[in-house]
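Asks: Residue numbers (our numbering), protein chains in the order written: chain A, 22 to 133; chain B, -18 to 96.
1) For chain B, is any of its Cβ atoms less than 8 Å away from the one on residue 70/A?
2) Based on the DSSP secondary-structure assignment, which residues constitute the bridge partners of residue 131/A?
3) Could you tell me which chain B residues have their CB closer than 7 Å to the CB of residue 42/A, listed as they occur along the chain?
4) Please work out which residues of its chain come closer than 6 Å, Cβ to Cβ, to residue 61/B, disregarding the five sequence neighbours upstream and downstream, and give them in chain order.
5) Around the Cβ of residue 104/A, are there at least 16 other Cβ atoms within 10 angstroms (buried) or fewer (exposed)?
6) State the DSSP-derived secondary structure class of residue -12/B, mapped to helix, strand or coil.
7) If you reduce the DSSP assignment to three classes, tell me which class residue 18/B lands in.
8) Helix or strand or just coil, what does DSSP make of residue 70/A?
9) Within 8 Å (strictly less), CB to CB, does residue -8/B reach chain A?
10) Kindly give me the distance between the Cβ atoms of residue 82/A and residue 67/A, rounded to whole angstroms, as I take these residues to be in contact under 8 Å.
11) Measuring CA to CA, which of 97/A, 87/A, 31/A, 99/A is closest to residue 21/B?
12) So, using beta-carbon positions, are residue 12/B and residue 24/B closer together than 8 Å?
13) What would DSSP say about residue 94/A, mapped onto helix, strand or coil?
14) Quick check on DSSP: helix, strand or coil for residue 85/A?
15) Looking at residue 30/B: is its Cβ nearer than 8 Å to the Cβ of residue 49/B?
16) Considering only DSSP beta bridges, list what residue 38/B is partnered with.
17) Count the C-beta pairs between the stretch 48 to 55 of chain A and the stretch 69 to 86 of chain A that are closer than 8 Å, then say yes if the count reaches three, no if not.
18) I'd like to know whether the C-beta of residue 126/A is nearer than 8 Å to at least one C-beta of chain B.
19) DSSP state of residue 28/A, grouped into three classes?
20) Check whether the Cβ atoms of residue 24/A and residue 121/A sit closer than 8 Å, and answer yes or no.
21) Measuring straight from C-alpha to C-alpha, what distance separates residue 125/A and residue 49/A?
22) Could you compute how far the alpha carbon of residue 47/A sits from the alpha carbon of residue 91/A?
23) Name the two residues that bound the continuous beta strand (DSSP E) containing residue 78/A.
24) Alpha carbon to alpha carbon, what distance is there between residue 89/A and residue 87/B?
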C-alpha cells in the first residue's frame, strides 16, 4: 500500500461547479498536510495546508482533514478553467516531520 | 524576492559523466530537499537535510549524493549518471517542524536527460 494515495483522474468538472479531490495516508503520526497545484512542466505551488481536524477555508478552496479516517480532501468551489492542473497531496511523516511523502497527483480538468 | 533557484534548468548529458545540479535559497530555511518527478509516479524524495552538515536519505537515494556545507545551498550530485535518472528534478526548502512554517517552497525544476 502506498503511503499517500490519490485517484489519478482525470477528474472532469464543469465550470462553476465544485471539484472534490481526495487523499488518504497511512502514517498515523502525520501532523502536517498540504495541497499543491502543479501546471504541466512547472513547479508545485502551495494551495492549502492543514494541521487540525476539520475544515480550513481560503477563498474558493476548502481543505478537510479527518485524522481518525486518515483522510484529507480539497474542495474547489466555482471551478474556473485556470484551475485545470494536477493537484498533489503531501504529508510530512514521522515524529520529527523530516520526511515528506507526495501522492501521485490527481489531474483536474474544468470544462467550459 | 524570496526564492529557491536551481541551475541548470535543462541538461542533456551522457552516461557516466559526473554532474552537479545546484540549489540555493534565500529564506534562511533549515530544511532542504531534492525530489524527482516521473510520469505517473508523482514527486519522490531523493535526499533531505534538516540543517547544515545534516543529511538523510529519502525514498530513492540510489545513484545520488548531496552535501550541505552552507545553510543556503544544497547541491545534488550524480557521480555516474545513467539513463534511468532521466527525470524532472525539484529542489525545495522550508523551516523545520510542523505548522505553517513547514510549508515547502519549490525551485523551478531541472529537466535532466541522460543518453
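Just so it is clear, CB atoms sit at the ideal spot from N, CA and C, and this is done for glycine as well.
Replies: Taking the definition as stated:
1) Within the first chain, residue 70/A is the residue found at index 49, counting from 1. Yes, because at least one Cβ of chain B sits closer than 8 Å to the Cβ of residue 70/A.
2) Taking the first chain and counting its residues from 1, one reaches residue 131/A at position 110. DSSP, once it has assigned bridges, lists 34/A as partnering residue 131/A.
3) Translated into the one-based positions of the first chain, residue 42/A becomes position 21. Result: empty, since nearest Cβ-Cβ is about 14 Å, beyond 7 Å.
4) Here residue 61/B refers to the residue found at position 80 of the second chain. -3, listed in sequence order.
5) Indexing the first chain from 1 puts residue 104/A at position 83. Classification for residue 104/A: buried.
6) Sequence index remark: in the second chain, residue -12/B carries index 7 (1-based). Reduced to three states, the DSSP call for residue -12/B is strand.
7) For the purposes of this step, residue 18/B is identified with residue 37 of the second chain, where counting begins at 1. Residue 18/B falls in the strand class under three-state DSSP.
8) Within the first chain, numbered from 1, the residue matching residue 70/A stands at position 49. Three-state DSSP puts residue 70/A in a strand.
9) For the purposes of this step, residue -8/B is taken as residue 11 along the second chain, with counting starting at 1. No - not a single Cβ of chain A is within 8 Å of the one on residue -8/B.
10) Indexing the first chain from 1 puts residue 82/A at position 61. Indexing the first chain from 1 puts residue 67/A at position 46. That belief does not hold up - the Cβ atoms of residue 82/A and residue 67/A are roughly 11 Å apart, past 8 Å.
11) Walking along the second chain from the start, residue 21/B turns up at place 40. Answer by Cα proximity: 31/A.
12) For this step, residue 12/B is matched to residue 31 along the second chain. For this step, residue 24/B is matched to residue 43 along the second chain. No, Cβ-Cβ distance for residue 12/B and residue 24/B is not below 8 Å.
13) For the purposes of this step, residue 94/A is taken as residue 73 along the first chain, with counting starting at 1. Correct three-state label for residue 94/A: strand.
14) On the first chain, residue 85/A is found 64 positions in, with the first residue counted as 1. Strand, per DSSP.
15) On the second chain, residue 30/B is found 49 positions in, with the first residue counted as 1. On the second chain, residue 49/B is found 68 positions in, with the first residue counted as 1. Cβ atoms of residue 30/B and residue 49/B: closer than 8 Å.
16) Mapped onto the second chain, residue 38/B falls at position 57. Partner(s): 28/B.
17) yes
18) Counting from one through the first chain, the residue named residue 126/A turns up at place 105. Yes, residue 126/A counts as interfacial toward chain B.
19) In the first chain, the residue the question calls residue 28/A occupies position 7. If DSSP states are grouped into helix, strand and coil, residue 28/A belongs with coil.
20) Residue mapping note: residue 24/A aligns to position 3 of the first chain, counting from 1. Residue mapping note: residue 121/A aligns to position 100 of the first chain, counting from 1. In this structure, residue 121/A does not lie closer than 8 Å to residue 24/A by Cβ.
21) Counting from one through the first chain, the residue named residue 125/A turns up at place 104. Counting from one through the first chain, the residue named residue 49/A turns up at place 28. Near 20 Å, if we compare the C-alpha coordinates of residue 49/A and residue 125/A.
22) Within the first chain, the letter at position 26 stands for residue 47/A. Within the first chain, the letter at position 70 stands for residue 91/A. If you take the alpha carbons of residue 47/A and residue 91/A, they lie about 7 Å apart.
23) In the first chain, residue 78/A corresponds to position 57, counting from 1. From DSSP, the beta strand (DSSP E) with residue 78/A extends over 75 to 79.
24) Within the second chain, residue 87/B is the residue found at index 106, counting from 1. Within the first chain, residue 89/A is the residue found at index 68, counting from 1. Rounded to whole angstroms, residue 87/B to residue 89/A spans 30 Å at the Cα level.
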